[in-house]
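2 protein chains.
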Amino acid sequence: MPTPLCFQDFEVGASHEFGEYHVTAEEIIEFASKYDPQPFHLSEEAGKAMHFGGLCASGWHTCAMAMRMTVDNMPEGDSGSLGSPGIDELRWTKPVFPGDTLRIKSTILDKRESRSRPDMGSVFMHNEVFNHNDELVMSFNPIVLYQKRK
Amino acid sequence: MPTPLCFQDFEVGASHEFGEYHVTAEEIIEFASKYDPQPFHLSEEAGKAMHFGGLCASGWHTCAMAMRMTVDNMPEGDSGSLGSPGIDELRWTKPVFPGDTLRIKSTILDKRESRSRPDMGSVFMHNEVFNHNDELVMSFNPIVLYQKRK
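Residue numbers (the numbering used here), protein chains in the order written: chain A, 1175 to 1324; chain B, 1175 to 1324.
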């Protein structure tokens, strides 16, 4: 069993890259049908009629795909993460199209011990999601709680 | 066909409530299996072992459910929305459990005409998602682009 990550393991300024997610038209339409059924997320024609230029993924679908890459990159079993209180400055900078392959670059911006809970701390990250042409398609700043190693 | 919403239709300070989304264990597990397979989003037992207290939805799933309520509340056909460049200050304030019924309160914080694109403007919103016990489970500040009526 790999060791879970702890608050002490995160070094401010460090960054690492991970992930590979192949985006398909079928999955874009399946997600949008359930959660974001706007025309430009459901058909090529409606996407072409907008400034997007073609069928493109719901921004929330891109978030979900980024989360999947993040979980696949966590230590198996107990990851050490205690969940996230939220996200700052989420930006969708380019449409995500069928055929794109996504990856993530994650940088540690800051970390702070909890005042109320001495057994945990918050890690502040800046995550960038790129497509296979190295274009930034999304960036966001998650806050993640981690347990402290005793 | 209902008239699409335009930039001019949004009044700063106005708020309205909409939506009704019934959360099920099946859907929590289905979403998490695809996009956020952390143990506490996959089983009651693993959720109980964490501070969450039971099986709870991925935060991204809550975002997706909020988006579905938002789209169901848009004028049919052409909604007038030109998409969103992003979200500020997303916070997950309480876990979302099976059996919860969610709703949204949306308030217009501000709006600004685009300098570079005189045919559109940005609307800044504050969205709150409540469960059926009127507990705030999520809040976020979306930025949405709208066309201007000539």
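All residues carry an ideal CB built from backbone N, CA and C; glycine is no exception.
Source: prediction; values computed, not measured.
Rounded separation between A/Asp-1308 and A/Val-1197 - CA only: 15 Å
A/Met-1239, enclosing alpha helix (DSSP H) - first and last residue: Where A/Met-1239 is concerned, the enclosing alpha helix (DSSP H) stretches over 1233-1246.
Proximal chain B residues relative to A/Pro-1325, where beta-carbon distance stays under 8 Å: The displayed coordinates of chain A run from 1175 to 1324. Any statement about residue 1325 of chain A would go beyond what the structure contains.
Proximal chain A residues relative to B/Leu-1256, where beta-carbon distance stays under 9 Å: Met-1224 and His-1225
Bounding residues of the alpha helix (DSSP H) (the contiguous stretch that carries B/Glu-1219): 1218-1223
Neighbour flag for B/Thr-1198 against chain A, beta carbons, 9 Å: no
Rounded C-alpha distance that separates B/Glu-1191 from B/His-1306: 13 Å
Proximal residues to A/Pro-1184 (C-beta, below 8 Å), its chain only, five neighbours per side dropped: For the sequence presented, residue 1184 of chain A should be read as Phe rather than Pro. The answer, listed in chain order, is Ile-1282, Lys-1285, Val-1297 and Tyr-1320.
Reduced DSSP category for A/Pro-1316 - H, G, I as helix; E, B as strand; rest coil: strand
Sufficient close CB pairs (3 or more, under 8 Å) joining the region 1218-1234 of chain B to the region 1217-1227 of chain A: no
Whole-Å CB distance - B/Leu-1189 paired with B/Ser-1280, under 8 Å assumed: Looking at the sequence itself, residue 1189 of chain B is Ser, so the reference to Leu does not match. Going by Cβ atoms, the distance from B/Ser-1189 to B/Ser-1280 rounds to 6 Å, so yes, they are a contact pair.
B/Arg-1242 burial status per 10 Å Cβ neighbour count (16 or more: buried): Buried, because 16 or more other Cβ atoms sit within 10 Å of the Cβ of B/Arg-1242.
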